[in-house]
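Q:
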Amino acid sequence: MRIAVLSGKGGTGKTLVTVNLAAVSKESVYIDCDVEEPNGHLFFKPEGVHEEEVSVKIPEVDDELCNGCRKCVDFCNFNALARIQNKLIIFDDVCHSCGGCVLVCPEKALAEKEKVIGRIQKGVSDQVSIYTGILNPGEASGVPIVKKLLAEGDSEIAKPIFIDCPPGSACITMESIKDADYCILVAEPTLFGVHNLNMVYELVRLLERPFGVVLNKCLEEENPAEKFCLEKDIKILGRIPFENELGILNSDAEIVANKSNRYRKIFSSLLDAVIKEVSHAATSDS
Amino acid sequence: MQQLLILSGKGGTGKTTVASAFIKLSGARAYADCDVDAPNLHLITGWDAEPEKRDYYGLPKA
Chain A
1086 MRIAVLSGKG GTGKTLVTVN LAAVSKESVY IDCDVEEPNG HLFFKPEGVH EEEVSVKIPE
1146 VDDELCNGCR KCVDFCNFNA LARIQNKLII FDDVCHSCGG CVLVCPEKAL AEKEKVIGRI
1206 QKGVSDQVSI YTGILNPGEA SGVPIVKKLL AEGDSEIAKP IFIDCPPGSA CITMESIKDA
1266 DYCILVAEPT LFGVHNLNMV YELVRLLERP FGVVLNKCLE EENPAEKFCL EKDIKILGRI
1326 PFENELGILN SDAEIVANKS NRYRKIFSSL LDAVIKEVSH AATSDS
Chain B
4 MQQLLILSGK GGTGKTTVAS AFIKLSGARA YADCDVDAPN LHLITGWDAE PEKRDYYGLP
64 KA
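Residue numbers (my numbering), protein chains in the order written: chain A, 1086 to 1371; chain B, 4 to 65.
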């Protein structure tokens, strides 16, 4: 069972929800796909951490062999190659590592080299396996790291897998949720929260993923995110209160469900609600 | 024109709040919301007139 947690806006509580759901699930897997700013490990403080580099394949030209035919330049959909002043220039950051230029080169002047773009770490915290993706600063895309993380996490597919997604609704978020059995959208009660909730709402519908919303930072007053859910007939999975105690614990990188019985209950019932929805989605699929 | 850039690693730290306050206080002549995945600045600053919209064409090249 793969559960992805996402939100358009940053700081709405994706990591809070993902970390605590994994913690109340006992035996589970937590995958931090927010590779630009992974924070989940700060809560779990995993032990026995193994690290592995992630690299992509980038073309390399042998200037002696290149005859300037430009077949590679014409082939590349991303304009990652250009021939300027009788020299082939390769733009690593634009390259999508498809390897096509190497195949089309009639002179065999192009070869692939590995370029390290980041790393993944795997560790254990209590009964939770922790996978963290880290993209090196300045790199264009964390998608290869997310792919690697999710493939590694699948080795433990017998356990529930909780995926902490990056903010936004672009490629890397799509990659993070594309094989998810269920998506949890975390929304905060602000106009910004609603505006960005709408973006991820459109994304999960586009990818036809079953989903529900968790309302975070709930106060007594009117909640624009809740209003949005009611208008669109979106399942509300649970509510997390806006409270000092929770805020302080979470800011100190404590797992709130392990620190307070009340918060443990909130996340346990949220987990029950999610599991119920997942089994419901599975039956309606078949 | 001098350009001031506002950034943070983590989401929800207050980039848009700080940017909108500086825009107001400095009487900025131009500003840009580069958070194209989840743009919000316009919700604070509003529009004086209906914005002109243009499609942005990415790849593949025509």
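Note that CB positions come from ideal geometry on N, CA and C, so glycine has one too.
1. How should isoleucine 1390 of chain A be labelled, buried or exposed, when 16 other C-beta atoms within 10 angstroms of its C-beta is the threshold for buried?
2. Is there a C-beta anywhere in chain B that falls below 7 Å from the one on lysine 1302 of chain A?
3. Assign valine 1109 of chain A to one of three DSSP states: helix, strand, or coil.
4. From asparagine 1164 of chain A to serine 1345 of chain A, what does the alpha carbon distance come to, in whole angstroms?
5. Among A/Lys1350, A/Lys1244, A/Ala1194, whose alpha-carbon lies nearest the alpha-carbon of glutamate 1149 of chain A?
6. What number of angstroms, rounded off, separates the C-alpha of leucine 1355 of chain A from the C-alpha of leucine 1106 of chain A?
7. How long is the line joining the alpha carbons of glycine 1185 of chain A and alanine 1167 of chain A, rounded to whole angstroms?
8. Check whether the Cβ atoms of glutamate 1132 of chain A and glycine 1208 of chain A sit closer than 7 Å, and answer yes or no.
9. Enumerate in chain order the residues of its own chain whose CB-to-CB distance from alanine 65 of chain B is below 6 Å, with the five nearest sequence positions on each side excluded.
10. Answer with buried or exposed for asparagine 1335 of chain A, where buried requires no fewer than 16 other C-beta atoms within 10 angstroms of its C-beta.
11. So, with DSSP's three-state summary, where would you put aspartate 1249 of chain A?
12. Using CA coordinates, which residue listed in A/Ile1205, A/Glu1192, A/Ser1092 is at the minimum distance from aspartate 1117 of chain A?
13. Spell out whether any CB of chain A is found under 7 Å from the CB atom of aspartate 36 of chain B.
14. Determine, using beta carbons only, whether aspartate 40 of chain B comes closer than 7 Å to chain A.
15. Going along chain B in order, which residues have a C-beta closer than 8 Å to the C-beta of leucine 1166 of chain A?
16. Between the alpha carbons of proline 1274 of chain A and asparagine 1308 of chain A, how many angstroms are there, rounded?
17. Is the stretch 1091 to 1109 of chain A touching the stretch 1262 to 1276 of chain A in the sense that three or more CB pairs, one from each, lie closer than 8 Å?
18. Do the stretch 1275 to 1284 of chain A and the stretch 38 to 48 of chain B meet, that is, are 3 or more Cβ pairs less than 8 Å apart?
19. Compare the C-beta of serine 1254 of chain A against all C-beta atoms of chain B and say whether one is closer than 7 Å.
20. Can you find the residues in the same chain that come closer than 8 Å, C-beta to C-beta, to histidine 1126 of chain A, ignoring five residues on each side of it along the sequence?
21. Listed in chain order, which residues of the stretch 1269 to 1281 of chain A have Cβ atoms closer than 7 Å to some Cβ of chain B?
22. In angstroms with no decimal places, state the Cα-to-Cα distance between phenylalanine 1296 of chain A and leucine 1282 of chain A.
A: Straight from the coordinates:
1. The question about residue 1390 of chain A has no answer, for chain A in this structure spans 1086 to 1371.
2. By 1-based counting over the first sequence, the position of residue 1302 of chain A is 217. Lysine 1302 of chain A does not count as touching chain B.
3. Counting from one through the first sequence, the residue named residue 1109 of chain A turns up at place 24. Valine 1109 of chain A falls in the helix class under three-state DSSP.
4. For the purposes of this step, residue 1164 of chain A is taken as residue 79 along the first sequence, with counting starting at 1. For the purposes of this step, residue 1345 of chain A is taken as residue 260 along the first sequence, with counting starting at 1. For asparagine 1164 of chain A and serine 1345 of chain A, the distance between alpha carbons rounds to 54 Å.
5. Residue numbering aside, residue 1149 of chain A sits at position 64 when the first sequence is read from its first letter. When each option's Cα is compared against that of glutamate 1149 of chain A, the closest is A/Ala1194.
6. The residue given as residue 1355 of chain A occupies position 270 in the first sequence. The residue given as residue 1106 of chain A occupies position 21 in the first sequence. Cα-Cα distance, rounded: 8 Å.
7. Taking the first sequence and counting its residues from 1, the one referred to as residue 1185 of chain A is at position 100. Taking the first sequence and counting its residues from 1, the one referred to as residue 1167 of chain A is at position 82. C-alpha separation (whole angstroms): 15 Å.
8. Along the first sequence, read from residue 1 onward, the residue named residue 1132 of chain A stands at position 47. Along the first sequence, read from residue 1 onward, the residue named residue 1208 of chain A stands at position 123. The answer is yes: Cβ separation under 7 Å.
9. As a first step, residue 65 of chain B must be located in the second sequence, where it is residue number 62. Residue placement at alanine 65 of chain B is flagged as unreliable, the pLDDT there being 43, under the threshold of 50; the coordinate-derived value follows with that caveat. Contacts found: none.
10. Taking the first residue of the first sequence as 1, we reach residue 1335 of chain A at position 250. Result: buried.
11. Here residue 1249 of chain A refers to the residue found at position 164 of the first sequence. The answer is strand: DSSP assigns aspartate 1249 of chain A an E or B state.
12. Here residue 1117 of chain A refers to the residue found at position 32 of the first sequence. Comparing Cα-Cα distances from aspartate 1117 of chain A to each of A/Ile1205, A/Glu1192, A/Ser1092, the minimum goes to A/Ile1205.
13. By one-based count along the second sequence, residue 36 of chain B stands at place 33. Not closer than 7 Å to any Cβ of chain A, the Cβ of aspartate 36 of chain B fails to qualify, so no.
14. As a position in the second sequence, residue 40 of chain B is number 37, starting the count at 1. Yes, because at least one Cβ of chain A sits closer than 7 Å to the Cβ of aspartate 40 of chain B.
15. Here the question's residue 1166 of chain A lines up with position 81 in the first sequence. Ordered by position in chain B, no residue passes the 8 Å Cβ test against leucine 1166 of chain A, which lies about 13 Å from the chain.
16. Start at 1 with the first residue of the first sequence, and residue 1274 of chain A comes out as number 189. Start at 1 with the first residue of the first sequence, and residue 1308 of chain A comes out as number 223. If you take the alpha carbons of proline 1274 of chain A and asparagine 1308 of chain A, they lie about 5 Å apart.
17. yes
18. Touching, yes, given that three or more Cβ pairs across the two stretches are closer than 8 Å.
19. Looking up residue 1254 of chain A in the first sequence gives position 169. Closer than 7 Å: yes.
20. For the purposes of this step, residue 1126 of chain A is taken as residue 41 along the first sequence, with counting starting at 1. Excluding residues within five positions, the ones whose Cβ falls inside 8 Å are Asp1117, Gln1206, Gly1208, Ile1215, Thr1217.
21. Flagged, chain order: Leu1276, Phe1277, His1280, Asn1281.
22. As a first step, residue 1296 of chain A must be located in the first sequence, where it is residue number 211. As a first step, residue 1282 of chain A must be located in the first sequence, where it is residue number 197. So the two alpha carbons sit approximately 12 Å from each other.
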